[in-house]
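Enquirer: So that we are looking at the same thing, I have put the structure below in structure tokens.
Numbering (my numbering), first residue to last: 658 to 821.
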């Protein structure tokens, strides 16, 4: 599962997905751990990091995740496998490289400091996945390359009126 997981959807989501890529707060992780305990589950998760500080995106702040990781690692029902980020949208995929480097370096520091294996780096989408792989991505999201552009309500209306 990739995307913001709402608190009221945790119980439905946990048994459905192999991995939750976007655990974006300690509060969400604690709620997931409690529900996983109740349901007898051991969800695999990635911690989402908002490297650019974009207000429109969720995620741990890179300067506070270190402080929060110790308590997150104590949540015995969650398996934290790594980190995830979504860089700011850019025409040129090369603009994402600095965020991929930052996530890899953050992961490396956390692994060293906390003696924990955070092998997974989920970063890169259709326009920048090759750069993400160069910088250490183990998971990429390439839905647009496979399925094409998403249809928004505006593009649906335009295609319905253009019946050449």
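The beta-carbon is built from N, C-alpha and C at its ideal position, and this holds for glycine as well.
Remember, predicted model here, so these are calculated numbers, not experimental data.
Hey, out of 701, 674, 673, whose CA is closest to residue 686's CA?
Expert: Checked all of 701, 674, 673; the closest Cα to residue 686 is 701.
Enquirer: In its own chain, which residues sit with a C-beta less than 6 Å from the C-beta of residue 690, not counting the 5 before and 5 after it?
Expert: Answer for residue 690: 732, 734, 735, listed in chain order.
Enquirer: Leaving out five residues on either side along the sequence, give the residues of the same chain with a beta carbon under 6 Å from the beta carbon of residue 716.
Expert: Only 681, 705, 706, 707 meet the Cβ criterion.
Enquirer: Please list the terminal residues of the continuous beta strand (DSSP E) segment that includes residue 782.
Expert: Counting along the chain, the beta strand (DSSP E) containing residue 782 begins and ends at 777-782.
Enquirer: Can you check DSSP and say which residues form a bridge with residue 691?
Expert: Its beta-bridge partners do not exist; DSSP assigns none.
Enquirer: If I measure Cβ to Cβ from residue 774 and keep anything under 6 Å in the same chain, skipping five residues before and after, which residues do I get?
Expert: If we look at residue 774 and ignore the five residues flanking it on each side, it has no Cβ neighbours.
Enquirer: What is the rounded straight-line gap between the Cα of residue 791 and the Cα of residue 668?
Expert: Roughly 36 Å separates the two Cα atoms.
Enquirer: What ranges does the alpha helix (DSSP H) occupy inside the segment 724-778, keeping only unbroken runs of at least 4 residues that lie completely in it?
Expert: Entirely contained in the segment 724-778, the alpha helix (DSSP H) runs reaching 4 residues are, in chain order, 754-771.
Enquirer: Using the three-state DSSP reduction, which class does residue 685 fall into: helix, strand or coil?
Expert: It is helical.
Enquirer: For the ligand FMN, any of its heavy atoms closer than 8 Å to the Cβ of residue 688?
Expert: Absent from the structure shown: the ligand FMN. Ligands present: none.
Enquirer: For residue 750, tell me which candidate among 665, 712, 783, 696 has the shortest Cα-Cα distance.
Expert: It is 783 whose Cα lies nearest to the Cα of residue 750.
Enquirer: For residue 714, which residues from the same chain have a beta carbon less than 6 Å from its beta carbon, with the 5 sequence-adjacent residues on both sides left out?
Expert: Once the five neighbours on either side are set aside, the close Cβ partners of residue 714 are 707.
Enquirer: Run through DSSP, which three-state label would residue 792 get?
Expert: Note: residue 792 maps to coil in three-state DSSP.
Enquirer: Determine the DSSP secondary structure at residue 715, reduced to helix, strand or coil.
Expert: In the structure shown, residue 715 sits in coil (DSSP, three-state: anything other than H, G, I, E or B).
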